[in-house]
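Asker: In this note's numbering, the protein residues as written are 27 to 526.
Heads up, the beta-carbon is just placed ideally off N, CA and C, and yes, glycines get one too.
What you are looking at is a predicted structure, and each value in this text was computed from that prediction instead of being measured.
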Ligand SMILES: Nc1ncnc2c1ncn2[C@@H]1O[C@H](COP(=O)(O)OP(=O)(O)OP(=O)(O)O)[C@@H](O)[C@H]1O
Ligand SMILES: [Mg+2]
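1. Using DSSP with H/G/I as helix, E/B as strand and the rest coil, what is residue 121?
2. Confirm, please, whether the CB-CB distance from residue 449 to residue 352 is below 8 Å.
3. Taking contact to mean at least 3 C-beta pairs separated by less than 8 Å, is the region 162-178 in contact with the region 216-236?
4. Kindly identify the DSSP beta-bridge partner or partners of residue 498.
5. Just to check my reading of the structure: residue 445 and residue 476 have Cβ atoms closer than 8 Å, yes? What is that Cβ distance to the nearest angstrom?
6. Here's the rule I'm using: 16 or more other beta-carbon atoms within 10 Å means buried, otherwise exposed. How should residue 197 be labelled?
7. May I ask which residues mark the beginning and end of the beta strand (DSSP E) holding residue 303?
8. Quick check: is any heavy atom of ligand 1 less than 7 Å from the C-beta of residue 375?
9. Which residue wins for smallest C-alpha separation from residue 107, given the options 191, 151 and 72?
10. Could you check which residue in 316, 172 and 312 has the C-alpha nearest to that of residue 488?
11. Say yes only if the C-beta of residue 71 is nearer than 7 Å to one or more non-hydrogen atoms of ligand 2, and no if none qualify.
12. Measuring CB atoms only, is the region 452-468 touching the region 285-296, in the sense that at least three cross pairs come out at less than 8 Å?
13. With a threshold of 8 Å on Cβ separation, who are the neighbours of residue 150 within its own chain once the five nearest residues in sequence on each side are excluded?
14. Any chance the region 43-59 sits against the region 236-247, with 3 or more Cβ pairs inside 8 Å?
15. Could you tell me the alpha carbon to alpha carbon distance between residue 526 and residue 514, rounded to whole angstroms?
16. Look at the alpha carbon of residue 92 and the alpha carbon of residue 32, and state the distance between them as a whole number of angstroms.
17. Please state if the CB of residue 266 and the CB of residue 63 are separated by a distance shorter than 8 Å.
18. Would you call the region 201-213 and the region 78-88 in contact, with 3 or more CB pairs under 8 Å?
19. Shorter than 7 Å, the distance from the beta carbon of residue 199 to the closest heavy atom of ligand 2, or not?
20. Run through DSSP, which three-state label would residue 479 get?
21. Hey, is the region 332-352 in contact with the region 488-504, meaning 3+ C-beta pairs nearer than 8 Å?
22. Considering only residues of the same chain and omitting the five flanking positions on each side of residue 290, which have a CB-CB separation below 7 Å?
23. Just to confirm the assignment, what range does the alpha helix (DSSP H) spanning residue 210 have?
24. According to DSSP, is residue 474 part of a helix, a strand, or is it coil?
25. Among 182, 66 and 69, which has the Cα closest to the Cα of residue 123?
26. Would you report the Cα separation of residue 111 and residue 277, rounded to the nearest angstrom?
27. For residue 34, count the other beta carbons within 10 Å of its own beta carbon; 16 or more makes it buried, fewer makes it exposed. Which is it?
28. Using C-beta distances below 6 Å, list every residue in its chain close to residue 447, excluding the 5 sequence neighbours before and after it, in chain order.
29. Does at least one heavy atom of ligand 2 sit under 7 Å from the Cβ of residue 455?
30. Can you tell which of 452, 156 and 121 has its C-alpha closest to the C-alpha of residue 186?
31. So, with DSSP's three-state summary, where would you put residue 193?
32. Answer yes if the region 66-78 comes into contact with the region 37-53, meaning at least three C-beta pairs across the two stretches below 8 Å, and no otherwise.
33. Would residue 379 be called buried (16 or more neighbouring beta carbons within 10 Å of its own) or exposed?
What follows is the structure, encoded as structure tokens:
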């Protein structure tokens, strides 16, 4: 291809116990959007981190606009024109948006001082050029930004002058559908400007909508290089998992038992007069837009945030849970959406992280019994198909989706009576998703009460027995499974639905 901007030749990369990439070759042309897809641990992020200079490759060659960028450092990769939009942007809370965009590389210095005016002017020009001026105030501080605004900052960092290839690593997981549409407009602009674009996502609908070509990775090897217009989601999935997928998970009607959680008239800084209950064996789905206050509700119940008023009862008994530790003692589990900040201790092993909620149960005379830990954790890790060389691997070294599975594993091991799941399949691949659905279904069948927060409508509809919708700090009446439609729920979530 003479229009090639990025040429990756026979790249290989291994970690102890893992061959993350094997003999991988691919090219990206100017003005082309190439999607990378593959199961959790397939090697997608590893390839991006090699391109960004975070990791060094073991074998192969990378040409960016004709220049060899082999063994580049992060700064060298940036200067060569490769920019990575990370899934979890690092935002400095105490400095402005403009400064955040220039963190670590201020535009021009005179006698060691930053030229603040030049920086502001450049940021304003960038935001205008890509149509984001209305979304963000450049003097706002980092701490005041919403997840979507943080994402805009991260994108602007990438688009500063000199950019030739931009890679997006799962860019849409914290965006509303409106924001996804804006991101796609941006990507089309970048295409028109002749940049090369790499798009990594587990959301195949988005891949079909925005990409020109799809590269499929499996176990570090390329199993497909397809023209998007000539392929289908099914064909991609087959190449990803190496077998036919069984779709159409369907949860059978269940018998609902005693009320496990009863919330009445709860109010908090985010909520007004919230009431609902969840019975043993039931999955109650929480729909709403990103930022509607569902995560905050979970944290109020889990004792992390305080409420002003209202009652919370567990098994018919009113409780005032004041900390997560108390919540765990009261048999409540919470798998948070933000696994890096709240869910996992990245420097500790898979087994430590998964056994964390049952330490006291496994400890005898103050001693942890390793054999028991292995017996408790091993089967769950296998069942979730967590891709790890061993139970003793550091969690921080697993791929994003596999880290998510370890958060779930912790609560499967602990087996609480009330389990709060916040976006349980975020960043998880299609095959693992189906497996996780089956597990959640089985937990409910075994009598657990499950509070399921999800922004994925098919997931909510497939799993929930009833669905409630949060909007403007209030909660709708529950909608029974058989009456729940996507249209009705979306209307309630954006506030145009008939007040139920
Ligand atoms: N720093 C590291 N140390 C050890 N192993 C690593 C490291 N980084 C990645 N790996 C391993 O390399 C493999 C590929 O991981 P990678 O993060 O590239 O997967 P991925 O395709 O991005 O998956 P996901 O969809 O879950 O994000 C995995 O088995 C992972 O555990
Ligand atoms: Mg990844």
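Answerer: The short version:
1. For the purposes of this step, residue 121 is identified with residue 95 of the chain shown, where counting begins at 1. Residue 121 falls in the coil class under three-state DSSP.
2. The count along the chain shown starts at 1 and reaches residue 352 at position 326. The count along the chain shown starts at 1 and reaches residue 449 at position 423. Contact: no.
3. no
4. For this step, residue 498 is matched to residue 472 along the chain shown. Looking at the DSSP assignment, residue 498 forms no beta bridge with any residue, so it has no partner.
5. The residue you call residue 445 lines up with position 419 of the chain shown. The residue you call residue 476 lines up with position 450 of the chain shown. That pair is a contact at about 5 Å.
6. Numbered from 1 along the chain shown, position 171 holds the residue referred to as residue 197. It is buried - the Cβ of residue 197 has at least 16 other Cβ atoms within 10 Å.
7. Sequence index remark: in the chain shown, residue 303 carries index 277 (1-based). First-last of the beta strand (DSSP E) with residue 303: 300-305.
8. Counting from 1 along the chain shown, the entry for residue 375 is found at position 349. Checking the Cβ of residue 375 against ligand 1 gives no.
9. On the chain shown, residue 107 is found 81 positions in, with the first residue counted as 1. Out of 191, 151 and 72, 191 has the C-alpha closest to the C-alpha of residue 107.
10. The sequence position of residue 488 within the chain shown is 462, counting from 1. That would be 312, whose Cα lies nearest to the Cα of residue 488.
11. Taking the first residue of the chain shown as 1, we reach residue 71 at position 45. Closer than 7 Å to some heavy atom of ligand 2: that describes the Cβ of residue 71.
12. no
13. What you label residue 150 is simply residue 124 of the chain shown in a count that begins at 1. So the qualifying residues of the chain are 159 and 164.
14. Three or more beta-carbon pairs separated by less than 8 Å link the region 43-59 to the region 236-247, which places the two stretches in contact.
15. For the purposes of this step, residue 526 is taken as residue 500 along the chain shown, with counting starting at 1. For the purposes of this step, residue 514 is taken as residue 488 along the chain shown, with counting starting at 1. Reliability of the predicted coordinates at residue 526 is poor, the pLDDT of 44 falling under 50, and the value obtained from them is presented with this limitation in mind. Distance between the alpha carbons of residue 526 and residue 514 is about 10 Å.
16. For the purposes of this step, residue 92 is identified with residue 66 of the chain shown, where counting begins at 1. For the purposes of this step, residue 32 is identified with residue 6 of the chain shown, where counting begins at 1. Those two C-alpha atoms are separated by around 8 Å.
17. Residue 63 sits at position 37 when you count from the first residue of the chain shown. Residue 266 sits at position 240 when you count from the first residue of the chain shown. A contact, by the Cβ cut-off of 8 Å.
18. no
19. Sequence index remark: in the chain shown, residue 199 carries index 173 (1-based). Not one heavy atom of ligand 2 sits closer than 7 Å to the Cβ of residue 199.
20. One-based indexing of the chain shown puts residue 479 at position 453. Strand, per DSSP.
21. Not touching, per the Cβ criterion.
22. Translated into positions along the chain shown, residue 290 becomes position 264. Cβ within range, chain order: 301, 336 and 337.
23. The count along the chain shown starts at 1 and reaches residue 210 at position 184. Start and end: 203-218.
24. Residue 474 sits at position 448 when you count from the first residue of the chain shown. Residue 474 falls in the coil class under three-state DSSP.
25. Within the chain shown, the letter at position 97 stands for residue 123. Looking at the Cα atoms, 182 is the closest of the given residues.
26. Here residue 111 refers to the residue found at position 85 of the chain shown. Here residue 277 refers to the residue found at position 251 of the chain shown. Looking at the two C-alpha atoms, the distance is approximately 37 Å.
27. Walking along the chain shown from the start, residue 34 turns up at place 8. When all chains shown are included, residue 34 counts as buried.
28. In the chain shown, residue 447 corresponds to position 421, counting from 1. So the list reads 361 and 478, once near-sequence residues are dropped.
29. Along the chain shown, read from residue 1 onward, the residue named residue 455 stands at position 429. No, ligand 2 has no heavy atom inside 7 Å of this Cβ.
30. Translated into positions along the chain shown, residue 186 becomes position 160. Nearest of 452, 156 and 121 to residue 186, Cα basis: 156.
31. Position 167 of the chain shown, counting from 1, holds the residue named residue 193. Strand, per DSSP.
32. yes
33. Counting from one through the chain shown, the residue named residue 379 turns up at place 353. It is buried - the Cβ of residue 379 has at least 16 other Cβ atoms within 10 Å.
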